[in-house]
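Counting along the sequence shown from 1, when you hit position 78 you're at 107 in my numbering, and nothing is skipped either side.
C-beta: ideal position from N, C-alpha, C; glycine also.
For reference, the structure is listed below as structure tokens.
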Amino acid sequence: MKDLNTLLSDLRDLMAEDDYPVAGPVDAATLAGIINNPPPADWDFHKKSAYEDIRLLLINRKDYAGMFSFMDGFEYNGLTLYNLVQAADNEPLWSNIYVRNFEARDNEILNDPNLTDKVLIGEDGMSVLAYAPAEDSFEIRDKAATDYVIESHPAFSDFLTAVIGTVA
Numbered sequence: 030m031k032d033l034n035t036l037l038s039d040l041r042d043l044m045a046e047d048d049y050p051v052a053g054p055v056d057a058a059t060l061a062g063i064i065n066n067p068p069p070a071d072w073d074f075h076k077k078s079a080y081e082d083i084r085l086l087l088i089n090r091k092d093y094a095g096m097f098s099f100m101d102g103f104e105y106n107g108l109t110l111y112n113l114v115q116a117a118d119n120e121p122l123w124s125n126i127y128v129r130n131f132e133a134r135d136n137e138i139l140n141d142p143n144l145t146d147k148v149l150i151g152e153d154g155m156s157v158l159a160y161a162p163a164e165d166s167f168e169i170r171d172k173a174a175t176d177y178v179i180e181s182h183p184a185f186s187d188f189l190t191a192v193i194g195t196v197a
């Protein structure tokens, strides 16, 4: 099995070969600020909860947090791993991990009970990619039937190998 840096390096090479933009790493001070600072006091419960879950994911799973020292998420051949800080016109991208989790937890139209206790970390055309804190594992879930876990991986590198394998 490849280590995380090798996987990300190989992915970066694939993206460059196929003319996909490659995001730079998240600045170490910015990442430390995210990890060390609580959510804003004026946020509602859902936003605070999502922020805290993402923060704990970054603290507790150094393998996942390590990706952001290499690149701030990615979009390749329909596969997206959400970013932490990328923005356009001072607005977070649609693929921002906070935006996606805020929407999933505070949605009056569709509140998916299978995802509210997960941290959404990415997606592709058929799947939702999530971290399940209770199981301490990274999951590939069916997008249409989110209660169905297609694959579960305790190691982020194994998870990344599986999801990259679907598009490489």
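Taking only the alpha-carbon atoms, compute the straight-line gap between residue i and residue j and give it to the nearest angstrom.
i	j	result
Lys-172	Ala-116	26 Å
Leu-108	Lys-76	25 Å
Asp-32	Asp-73	38 Å
Val-128	Asp-48	26 Å
Pick from the options: whose alpha carbon is nearest that of residue i?
i	options	result
Asp-141	Ile-150, Thr-175 and Asp-82	Thr-175
Asn-112	Pro-68, Ile-63, Asn-136 and Trp-72	Ile-63
Leu-36	Asp-92, Asp-153, Glu-132 and Glu-180	Asp-92
Asp-153	Asp-48, Glu-81, Phe-103 and Thr-59	Phe-103
Tyr-105	Leu-33, Ile-169, Leu-43 and Glu-168	Leu-43
With H, G and I counted as helix, E and B as strand and the rest as coil, what does DSSP make of residue i?
i	result
Val-192	helix
Tyr-160	strand
Asn-65	helix
Ile-138	coil
Arg-41	helix
Gly-151	strand
Tyr-105	strand
Just checking residue i against the ligand ZN - is the residue's beta carbon closer than 7 Å to any of the ligand's heavy atoms?
i	result
Leu-144	Of the ligands one can find in the structure shown there are none, so the ligand ZN has no counterpart to examine.
Hey, residue i and residue j: beta-carbon distance below 8 Å or not?
i	j	result
Leu-122	Ala-133	no
Ile-150	Ala-163	no
Arg-22	Phe-185	Residue numbering for the chain in the displayed model covers 30 to 197; residue 22 lies beyond these limits and cannot be assessed.
Met-100	Arg-170	no
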